[in-house]
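Each residue of the sequence shown is one higher than the last, beginning at 1 in the UniProt record's numbering.
Here a beta-carbon is modelled for each residue, glycine too, at the ideal position from N, C-alpha and C.
Quick caveat, the model's predicted, so the values are computed rather than measured.
Encoded as structure tokens, the structure appears first; notes follow it.
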Amino acid sequence: MDRFIIRTKIVKQSETDQASTSHQSQTSSDEFDDQSNENAQDSSMKVDSDPTARKRKIYDVKYRENWKIEFKWLTEKSQKAYCTFCNKSLSGGKKHLQRHSESEIHKKNERKLQGTVDIPTTLAKVPSNLFNKEVKSTELKLVMFAMEHNLSFVLFEHLPKFICSLPEKSVLQSVKCSRTKAASLVNNKIGPFSQAALADILKKCFFSIIIDETTDISAKKCLVIIVRYFSQIEKKVDSFFGLIEVVSATADSIFKAVISLIEKLNIPIANIIGFSSDNASVMMGHINGVKAKFMEIIPNIFVMGCLSHSMHLCASKACAKLPNEVEDFARNIYNYFAHSAKRQHDFKEFQQFAEAEPHKLPRPCQTRWLSLEAVVNRILEQWDALILYFQSEALLENVYGAQEILNSLINIKFKIYFRFLQHILKIVCKMNLEFQSESPRIHKLIPIISMYFRTICNFFLKSEVMTKIEIARINPQNPDYFKTLDDIYFGANFEMELNKNIHKLSKPELEQIKLNCLNFYIVLCTEIRTRVDFKN
1 MDRFIIRTKI
11 VKQSETDQAS
21 TSHQSQTSSD
31 EFDDQSNENA
41 QDSSMKVDSD
51 PTARKRKIYD
61 VKYRENWKIE
71 FKWLTEKSQK
81 AYCTFCNKSL
91 SGGKKHLQRH
101 SESEIHKKNE
111 RKLQGTVDIP
121 TTLAKVPSNL
131 FNKEVKSTEL
141 KLVMFAMEHN
151 LSFVLFEHLP
161 KFICSLPEKS
171 VLQSVKCSRT
181 KAASLVNNKI
191 GPFSQAALAD
201 ILKKCFFSII
211 IDETTDISAK
221 KCLVIIVRYF
231 SQIEKKVDSF
241 FGLIEVVSAT
251 ADSIFKAVIS
261 LIEKLNIPIA
271 NIIGFSSDNA
281 SVMMGHINGV
291 KAKFMEIIPN
301 IFVMGCLSHS
311 MHLCASKACA
321 KLPNEVEDFA
331 RNIYNYFAHS
341 AKRQHDFKEF
351 QQFAEAEPHK
361 LPRPCQTRWL
371 SLEAVVNRIL
381 EQWDALILYF
391 QSEALLENVY
401 GAQEILNSLI
411 NIKFKIYFRF
421 LQHILKIVCK
431 MNLEFQSESP
441 RIHKLIPIIS
451 MYFRTICNFF
461 LKSEVMTKIE
471 IARINPQNPD
481 YFKTLDDIYF
491 GANFEMELNK
501 NIHKLSKPEL
511 EQIKLNCLNF
521 YIVLCTEIRT
531 RVDFKN
């Protein structure tokens, strides 16, 4: 009996353990299902850990129209909130939307889409393949329009954005603006309005005037006026003020044209504190120039000539001390190739044979004398190829003018002078480039010119002169300050070329070359000293 009772207890205990194990297994399975359902996007049912408990639904918060008042990027998609910046559906309520708007991904997508114009509703209904075809067709039309009218491709950095800002197609179809109307709008509406707005600013502040005279293709003499000022509102310093047609280019005519425009716009003459122009005698004449006429009515006006133009004049006058044939030689080479495609093509073969770079010969500009530096460097680079080419032209083809250029090429004096110009023009051009910057550099004017002026003086003046006498008192024309001809520095390439061909030159010829280069130094430094007040 006792044995039966014990056996019965063991069987019941075993059944109890099996039931407990089954219950634990069911609980683990339910928990796994709960985790899977939570990670699923569309979880509609959850099973409680208790198998006997009732299953319940979790309802998503539906989209509400008033959310769009606070969240402009929000729209509705399948009765859910949808972010147009991130292209994704959002679940949850207003707090969830707030957290999403503060996320880094959302802010990054918002920055990318700034300035993007929404596609109109009519285009949104167009099939995507047809829409892409229309976009590509529009891009091709824009590019071909630019090609037809020879417009710069830099324009396309702004043109597409400008087109996106235009109104609907129905408005554009009503626009009628051809050449005559466009010119009339600029001359009669936009121009006068802009000029009047600028005049209102100039009435309340001091300003400087920058003028220059030119002759256009129709032989009309025009005067351009730029004003330099500072506006706290627009943060500007330079503005185009007017383009006036003048009867003659005399100082009196130019001065009256400027003053009449200022008086017409009721701008006080006393507000003018500065005047600048090129260094022509008409503009900067001390007696009858425009500068002198301004100083009569405004005694304390600040006058400054174009420094870049001054450097060109200094180098041009200094070059007059070299033989005229040197500059003519550079121009003759350019003119020989300028209008003949056949000659340029034939010269390329000689460049390949001489292993020279296939570069073209630039043009020396008459009004910008320092452009001769690029011409000198290019001719020296192509010297051997030029000799071979002009030997062929002069001896085989017997072309008129080729023999004269060939004689200059084989004359060692010309190459020595070119080596000197290569040396000195590099320094003058560096000095000139310092003042072609778009940023203000007037505070660096005296230090930079003083440095370059001292560098040039060190080439031919004694070292004790440069150390004992201040730069403002140095007289470059004093022969007592000069070094001997053998001690004067004319450039490393000059010395190398001279030593290589010294047996081809007589002693008088050698001295004459050095004297001409010394005179170049003297005139250059004298002109710089005349135009720059080192004490100011």
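- The Cβ-Cβ distance between ILE269 and ILE297 falls below 9 angstroms.
- ASP533 carries a coil assignment under DSSP once its states are collapsed to helix, strand and coil.
- Secondary structure note for ASP238: its beta strand (DSSP E) is the uninterrupted segment 238-245.
- Residue environment for ALA196: exposed (fewer than 16 other C-beta atoms within 10 angstroms of its C-beta).
- Nearest to GLN403 by C-alpha distance, out of LYS176, LYS500, TYR336, GLU497, is TYR336.
- In this structure, ILE446 keeps its C-beta atom at 9 angstroms or more from the C-beta atom of ILE424.
- In the displayed model, TYR389 falls within a helix according to three-state DSSP.
- Following the DSSP letters along the chain, one finds GLY274 inside the beta strand (DSSP E) bounded by residues 272-277.
- The Cβ atoms of ILE442 and ILE513 do not sit closer than 9 angstroms to each other.
- For TYR82, the enclosing beta strand (DSSP E) begins and ends at 80-83.
- For LYS291 against PHE275, the beta-carbon gap comes to about 6 angstroms, under 8 angstroms, which counts as contact.
- In this structure, ARG378 sits away from PHE494, with a CB-CB distance that is not shorter than 9 angstroms.
- Using a C-beta cut-off of 8 angstroms, the region 85-100 makes contact with the region 61-72, since at least three inter-stretch Cβ pairs fall below that distance.
- It is roughly 17 angstroms from the alpha-carbon of ALA341 to the alpha-carbon of TYR400.
- According to DSSP, ILE209 shares a beta bridge with VAL227, PHE275.
- Secondary structure at LEU433: helix, using DSSP grouped into helix, strand and coil.
- Contact between LEU322 and PHE156 is ruled out by a C-beta separation of about 48 angstroms, above the 8 angstroms threshold.
- DSSP, read as helix, strand or coil, puts LYS204 in coil.
- Sequence-distant partners of TYR481 (beyond 5 residues in either direction) whose C-beta falls short of 8 angstroms from its own C-beta, in its chain, are LEU461, LYS462, VAL465, ILE474, ASN475.
- For CYS222, the pairing in a beta bridge is given by DSSP as THR214, GLU245.
- Excluding five sequence positions before and after LEU388, the CB atoms of its chain that fall closer than 7 angstroms to its own CB belong to PHE350, PHE353, ALA354, given in chain order.
- Here ASP346 has no same chain residue with a Cβ atom under 6 angstroms from its own Cβ, once five neighbours each way along the sequence are excluded.
- Between ILE273 and SER208 the beta-carbon gap is near 6 angstroms, inside 8 angstroms, which marks them as a contact.
- Nearest to ALA315 by alpha-carbon distance, out of SER103, PRO192, PHE453, THR467, is PHE453.
- Residues of the same chain with a CB within less than 6 angstroms of the CB of ALA330, apart from the 5 flanking positions on each side, are PRO364, VAL375 in chain order.
- THR484 sits in coil when the DSSP states are folded into three classes, being neither helix nor strand.
- Three or more beta-carbon pairs drawn from the region 189-205 and the region 230-249 are found closer than 8 angstroms, and the two stretches are therefore classed as touching.
- One Cα belongs to SER231, the other to VAL237, and the distance between them is close to 7 angstroms.
- In the three-state scheme derived from DSSP, where H, G and I count as helix and E and B as strand, PHE71 is classed as coil.
- ILE449 places its beta carbon less than 9 angstroms from that of VAL532.
- Counted as a single uninterrupted DSSP element, the beta strand (DSSP E) harbouring LYS88 occupies residues 88-90.
- Of the residues VAL135, PHE131, CYS86, the one whose Cα lies closest to the Cα of ARG111 is CYS86.
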